[in-house]
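Visitor: The structure under discussion is supplied below as structure tokens; questions concerning it will follow.
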Amino acid sequence: MSEEGYKEEYAKLKDLIRYHMDRYYNDDAPEISDHEYDTYMQRLKDMEREHPELVSDDSPTRIIGGSAKRTAGVSVSHDVPMLSIEDVFSREDVISWVREVKGVHPDARFAVEHKIDGLSMSIRYRKGRLQLAETRGDGHIGEDVTDNALVIPDVQRTLEGMDTDIELRGEVYMSHEDFDRVNEAMELSGKKPFANPRNCAAGTLRQLDSGVVRDRGLSMFIFNVQRSEDPAYMESHVKGLDMLKAMGVRTVPSILCEDESEILDAIDSIGDMRGSLPYDIDGAVIKIDQVAYRDDFPAGSKYSAGHIAYKYPPEEKETVIRDIELSVGMTGRINPTAVFDPVRLCGTSVSRATLHNQDFIDELGIGIGRTVLVYKSGEIIPKIKEVIMDKNPEGSLVYRIPSVCPVCHHEAVREEETADIKCTNPTCPAKLTKRLVNFVGRDAYDIKGFGAEYIKALSERGYIRDISDIFHLREKRDELISEGIIGKEKNTDKLLDVIDASRANPPWRLLCGLAIENVGKTSARTIMKHFGSFDALMRADIEELKSTQDVGEITAASIYDYFRDQEIRSLMDRLKEAGLNMEEETGGCVDSSLSGRTYVITGDLKNFANRGELVDYIESRGGKVAGSVSKKTYALINNDLTSNSGKNKKARELGILIISEEELLKGDNT
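Under the working numbering, residue 908 is the last one in the sequence shown; the count climbs by one each step, no gaps.
Set out below in structure tokens:
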């Protein structure tokens with residue numbers, strides 16, 4: 239690789255890691271697994287070792303990921319920096335580090351502890367009484383979360399018998415039991431559940447309302463004495479934890495080891511038990527027990543001295559497939575899903591995984607009764623890695639997707655040059671239900687409160703046969719109330735009013751709701767702005783369609799073919815007769831004030847309920863929204879203009895505007 243190519247790869251890798259640091263630490267919404275992140279970071283470290291001249295102070299290897307967020311409290315400067323622990327990924331790395339320490343201090347002992355997957359918090363005690371609790375933030379400045387810490391049962395308000403000042407650091411986390419309870423409540427209230435316990439704990443600790451923190455339930459382990467006026471707590475790490483434990487402080491499980499053999503055994507022991515623990519761990523921390531020895535092994539500005547963290551490989555578990563369920567999508571595609579004995583992975587219980595298609599089933603040799611190895615892709619999506627062939631029961635067979643639709647029992651055939659098996663019945667009720675659910679969804683026509691259960695019940699009873707029937711439900715009001723399909727009179731009228739109001743939705747939402755292949759939310763906006771009306775769009779040939787921004791040959795063909803279908807044309811006529819808005823606003827009403835500008839959003843919002851609303855605001859005025867800052871970015875939107883997050887730093891480096899929501903709304907961002 240050329241020198242320029244190497245520098246370019248290094249710069250891109252730094253940007254990529256900064257982006258994912260921001261998603262993990264500041265947004266509590268990681269997009270990749272810890273393992274993938276660790277792989278990127280290890281590659282960056284390797285490149286910096288090979289070319290130390292490239293290293294700068296803002297390298298992700300030199301900074302802490304989080305920035306202080308102004309949600310739960312005011313910013314706080316740490317008395318003792320809250321640094322990270324350097325990760326290692328092999329037993330050889332552990333042995334090498336231990337031998338390095340032993341080479342300087344032959345009498346060194348080591349504590350091996352659970353690396354809890356949560357978020358760090360330090361607590362300052364003044365003569366045994368809790369004074370302040372603070373999050374890590376960027377390692378030097380965090381936020382005051384004292385009110386929230388006081389409702390965590392594991393946090394001691396007072397340390398009995400303590401008459402000196404002390405600062406403790408620990409990990410706040412959410413147990414599997416509390417996580418399942420919180421997510422169940424989120425689902426019942428129609429809210430999006432949390433992806434994993436770590437995200438849930440981070441979002442909870444930063445709540446403004448300590449009542450929410452109390453209700454959700456957080457836990458905490460103390461894992462370090464940061465400073466103490468009593469030297470007894472700063473001599474031996476394990477002894478210090480034991481003294482705290484005697485005062486009722488909940489301390490992290492710790493194993494005292496003398497040599498590398500005992501350390502490796504402790505790591506293996508913790509690894510073996512991680513599947514049965516009531517909380518998530520992602521590694522084992524190895525610390526020098528004699529606190530005074532730690533400063534002899536500095537690890538840079540980002541990492542605390544005298545510690546390393548051994549990271550376990552991604553969690554995988556064996557389970558047995560008990561059934562394979564089939565569902566039908568809105569295109570008629572038959573989707574197989576494996577149902578297996580529940581296993582716990584990355585903090586959640588999983589019992590289902592998609593099998594994609596017959597080719598995937600054949601390649602792995604999947605069958606009912608067979609034992610499989612399951613993992614979570616990105617620590618979120620359950621997937622089957624392989625079949626444990628030597629555990630196949632006698633007589634078990636590889637599963638075959640049947641040649642009949644599981645819903646309407648019509649013929650199902652495999653499409654040429656694809657792995658998809660599809661139902662051939664154009665009136666299959668499963669296709670209809672999926673299309674309708676897609677149509678009313680938030681990212682399509684957005685009929686709020688019209689859930690999948692209502693769609694299913696109304697279609698099964700013949701009230702809805704296609705999209706246009708939704709807009710004739712008011713004619714059946716009395717019947718709907720009598721049968722109680724939607725609920726009593728109040729609920730029924732509420733939904734009917736929302737449906738009536740939706741007729742005024744912008745045309746791009748209708749286009750998006752039609753579920754034309756390759757036409758999503760953003761492209762639907764662009765297409766409708768270009769053509770202005772459905773009449774013009776339906777008349778367009780492929781060349782006209784291709785002349786539209788962001789529309790390529792495949793998308794153009796999809797749109798053209800869709801509107802050549804006579805049934806679709808009849809549907810569009812019925813929608814027009816039902817009073818749906820089929821034309822874009824023209825003249826002075828069109829707002830293109832943000833046209834040609836690309837924005838990036840980060841941090842907390844004040845004027846919008848969620849990011850989706852802010853994205854809609856920008857796109858409806860001609861702008862675009864991207865996920866990361868680049869030279870093409872017009873402005874970064876962040877209400878905390880002084881934030882030291884990865885996105886803010888990148889914007890400053892590139893000379894990109896950083897603006898608040900208010901500046902965007904006022905148009906003061908030129």
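Beta carbons: idealized from backbone N, C-alpha and C, even for Gly.
Which class does Leu635 belong to by DSSP, given the choice of helix, strand or coil?
Guide: Here residue 635 refers to the residue found at position 397 of the sequence shown. Leu635: coil per DSSP, three-state reduction.
Visitor: Please report the straight-line C-alpha distance between Val651 and Glu563, rounded to a whole angstrom.
Guide: Locating residue 651 in the sequence shown gives position 413, where the first residue counts as 1. Locating residue 563 in the sequence shown gives position 325, where the first residue counts as 1. Val651 and Glu563: Cα-Cα distance of roughly 18 angstroms.
Visitor: Any contact between the stretch 466 to 482 and the stretch 412 to 422? By contact I mean 3 or more CB pairs, one from each, below 8 angstroms.
Guide: no
Visitor: Taking 8 angstroms as the cut-off, decide whether the C-beta atoms of Val642 and Glu653 are in contact.
Guide: Taking the sequence shown and counting its residues from 1, one reaches residue 642 at position 404. Taking the sequence shown and counting its residues from 1, one reaches residue 653 at position 415. Not in contact: Val642 and Glu653 (Cβ atoms no closer than 8 angstroms).
Visitor: Measure how close the beta-carbons of Ala591 and Ile639 come, nearest whole angstrom, since I'm counting them as under 8 angstroms.
Guide: Here residue 591 refers to the residue found at position 353 when the sequence shown is read from its first residue. Here residue 639 refers to the residue found at position 401 when the sequence shown is read from its first residue. With 8 angstroms as the limit, Ala591 and Ile639 do not qualify as a contact, their Cβ atoms being about 16 angstroms apart.
Visitor: Roughly how many angstroms separate the alpha carbons of Pro644 and Lys525, rounded to a whole number?
Guide: Here residue 644 refers to the residue found at position 406 of the sequence shown. Here residue 525 refers to the residue found at position 287 of the sequence shown. CA-to-CA, the gap between Pro644 and Lys525 works out to about 57 angstroms.
Visitor: Report the CB separation of Val523 from Ile323 in whole angstroms; it is logged as a contact under 8 angstroms.
Guide: Here residue 523 refers to the residue found at position 285 when the sequence shown is read from its first residue. Here residue 323 refers to the residue found at position 85 when the sequence shown is read from its first residue. Their Cβ separation, rounded to whole angstroms, is 6 angstroms, which keeps Val523 and Ile323 in contact under 8 angstroms.
Visitor: So what's Ala753 in DSSP terms, helix, strand or just coil?
Guide: By one-based count along the sequence shown, residue 753 stands at place 515. Looking at Ala753 - three-state DSSP - the assignment turns out to be coil, as it is neither helix nor strand.
Visitor: If distances are taken between C-alpha atoms only, which option among Ile559, Tyr257, Gln528 comes closest to Asn462?
Guide: Within the sequence shown, residue 462 is the residue found at index 224, counting from 1. That would be Gln528, whose Cα lies nearest to the Cα of Asn462.
Visitor: Who does Gly521 pair with in a DSSP beta bridge?
Guide: To locate residue 521, count along the sequence shown from 1; it is residue 283. Beta-bridge pairing links Gly521 to Lys353, Lys549.
Visitor: Between which two residues does the alpha helix (DSSP H) harbouring Asn437 extend?
Guide: As a first step, residue 437 is located in the sequence shown; it is residue number 199 there, counting from the start. Element bounds for Asn437: 435 to 443.
Visitor: Please look up how many angstroms separate the CB atoms of Ile897 and Ile875, rounded, as I've assumed it's under 8 angstroms.
Guide: One-based indexing of the sequence shown puts residue 897 at position 659. One-based indexing of the sequence shown puts residue 875 at position 637. Between Ile897 and Ile875 the beta-carbon gap is near 6 angstroms, inside 8 angstroms, which marks them as a contact.
Visitor: Can you tell me the Cβ-Cβ gap for Gly607 and Ser634, rounded? I've got them flagged as a contact below 8 angstroms.
Guide: Along the sequence shown, read from residue 1 onward, the residue named residue 607 stands at position 369. Along the sequence shown, read from residue 1 onward, the residue named residue 634 stands at position 396. The Cβ separation is near 5 angstroms, so the contact holds.
Visitor: Just list the alpha helix (DSSP H) runs in the stretch 472 to 521, keeping only unbroken ones of 4 residues or longer that don't cross its boundaries, in chain order.
Guide: 475 to 484, 498 to 511
Visitor: Taking all protein chains shown into account, decide if Ala668 is buried (16 or more other Cβ within 10 angstroms of its Cβ) or exposed.
Guide: Position 430 of the sequence shown holds residue 668. The residue is buried, with at least 16 neighbouring Cβ atoms inside 10 Å.
Visitor: Let me confirm a value: Met485 is counted as buried when at least 16 other C-beta atoms fall within 10 Å, else exposed. Which label applies?
Guide: Numbered from 1 along the sequence shown, position 247 holds the residue referred to as residue 485. Met485 comes out exposed.
Visitor: Does the Cβ-Cβ distance between Leu426 and Thr442 come in under 8 angstroms?
Guide: Residue 426 sits at position 188 when you count from the first residue of the sequence shown. Residue 442 sits at position 204 when you count from the first residue of the sequence shown. Contact: no.
Visitor: Buried or exposed: which applies to Ala470, given that a residue is buried once 16 or more other Cβ atoms fall within 10 Å of its Cβ?
Guide: Position 232 of the sequence shown holds residue 470. Ala470 counts as exposed, since fewer than 16 other C-beta atoms from the protein chains shown sit within 10 angstroms of its C-beta.
Visitor: Check the C-beta distance from Tyr692 over to Ile754 and give it rounded, since I have them as a contact under 8 angstroms.
Guide: Within the sequence shown, residue 692 is the residue found at index 454, counting from 1. Within the sequence shown, residue 754 is the residue found at index 516, counting from 1. Going by Cβ atoms, the distance from Tyr692 to Ile754 rounds to 24 angstroms, so no, they are not a contact pair.
Visitor: Count the other CB atoms, across all protein chains shown, that sit within 10 Å of the CB of Asp811; report buried if there are 16 or more and exposed otherwise.
Guide: Within the sequence shown, numbered from 1, the residue matching residue 811 stands at position 573. Using a 10 angstroms sphere on the CB of Asp811, the tally of other CB atoms stays under 16, which defines it as exposed.
Visitor: If you follow the alpha helix (DSSP H) that Gln596 is in, where does it begin and where does it stop?
Guide: Translated into positions along the sequence shown, residue 596 becomes position 358. Element bounds for Gln596: 596 to 602.
Visitor: I need the boundaries of the alpha helix (DSSP H) containing Lys732, first residue and last residue.
Guide: The sequence position of residue 732 within the sequence shown is 494, counting from 1. Residues 727 to 740.
Visitor: Express the C-alpha separation of Val490 and Leu832 in angstroms, rounding to a whole number.
Guide: The residue given as residue 832 occupies position 594 in the sequence shown. The residue given as residue 490 occupies position 252 in the sequence shown. Going by the C-alpha atoms only, they are around 52 angstroms apart.
Visitor: Please classify Asn848: does DSSP put it in a helix, a strand, or coil?
Guide: By 1-based counting over the sequence shown, the position of residue 848 is 610. Looking at Asn848 - three-state DSSP - the assignment turns out to be coil, as it is neither helix nor strand.
Visitor: Assign Ile505 to one of two classes, buried (16 or more other C-beta atoms within 10 Å of its C-beta) or exposed (fewer than that).
Guide: Taking the first residue of the sequence shown as 1, we reach residue 505 at position 267. By the 10 Å Cβ count, Ile505 comes out buried.
Visitor: Please report the straight-line C-alpha distance between Tyr757 and Tyr550, rounded to a whole angstrom.
Guide: Taking the first residue of the sequence shown as position 1, residue 757 is located at position 519. Taking the first residue of the sequence shown as position 1, residue 550 is located at position 312. Note that residue 757 is Val in the sequence shown, not Tyr. The C-alpha of Tyr550 is placed about 41 angstroms away from the C-alpha of Val757.
Visitor: Smallest Cα separation from Ala530: which of Arg261, His343, His594, Glu338?
Guide: On the sequence shown, position 292 is the one that residue 530 refers to. The residue with the shortest Cα to Cα distance from Ala530 is His343.
Visitor: State the CB to CB distance for the pair Arg582 and Gly521, rounded to an integer number of angstroms; the pair is presumed to be in contact (CB under 8 angstroms).
Guide: On the sequence shown, residue 582 is found 344 positions in, with the first residue counted as 1. On the sequence shown, residue 521 is found 283 positions in, with the first residue counted as 1. Actually they do not touch by this definition, with Cβ atoms about 18 angstroms apart.
Visitor: Go ahead and label Gly861 buried or exposed: buried means 16 or more other beta carbons lie within 10 angstroms of its beta carbon, across all protein chains shown.
Guide: As a first step, residue 861 must be located in the sequence shown, where it is residue number 623. Here Gly861 is buried, its C-beta having at least 16 other C-beta atoms within 10 Å.
Visitor: On the three-state DSSP scale, how would you describe Thr402?
Guide: Residue mapping note: residue 402 aligns to position 164 of the sequence shown, counting from 1. Here Thr402 sits in coil by DSSP.
Visitor: Label His647 either buried or exposed according to how many other C-beta atoms from any shown protein chain fall within 10 Å of its C-beta, with 16 as the threshold for buried.
Guide: If you number the sequence shown from 1, residue 647 lands on position 409. With fewer than 16 Cβ atoms within 10 Å of its Cβ, His647 is classed as exposed.
Visitor: For Glu556 versus Leu611, is the C-beta spacing smaller than 8 angstroms?
Guide: For the purposes of this step, residue 556 is taken as residue 318 along the sequence shown, with counting starting at 1. For the purposes of this step, residue 611 is taken as residue 373 along the sequence shown, with counting starting at 1. Contact flag set, yes.
Visitor: Just verifying my parser: in three-state terms, what is the DSSP assignment at Leu583?
Guide: As a working note, residue 583 is residue 345 in the sequence shown. Residue state, collapsed to three classes: strand.
Visitor: Here's a check: name, in chain order, each residue in its chain whose Cβ is nearer than 6 angstroms to the Cβ of Gly377, leaving out the five neighbours to either side.
Guide: The residue labelled residue 377 in the question sits at position 139 within the sequence shown. Excluding positions up to five away in sequence, the list reads Ile302, Pro319, Met320, Leu321.
Visitor: Alpha carbon to alpha carbon, how far is Phe769 from Leu775? Give it in angstroms, no decimals.
Guide: Within the sequence shown, numbered from 1, the residue matching residue 775 stands at position 537. Within the sequence shown, numbered from 1, the residue matching residue 769 stands at position 531. The straight-line gap from Cα to Cα measures roughly 6 angstroms.
Visitor: Are the CB atoms of Asn877 and Lys844 nearer to each other than 8 angstroms?
Guide: As a first step, residue 877 is located in the sequence shown; it is residue number 639 there, counting from the start. As a first step, residue 844 is located in the sequence shown; it is residue number 606 there, counting from the start. For Asn877 and Lys844, yes; Cβs fall inside 8 angstroms.
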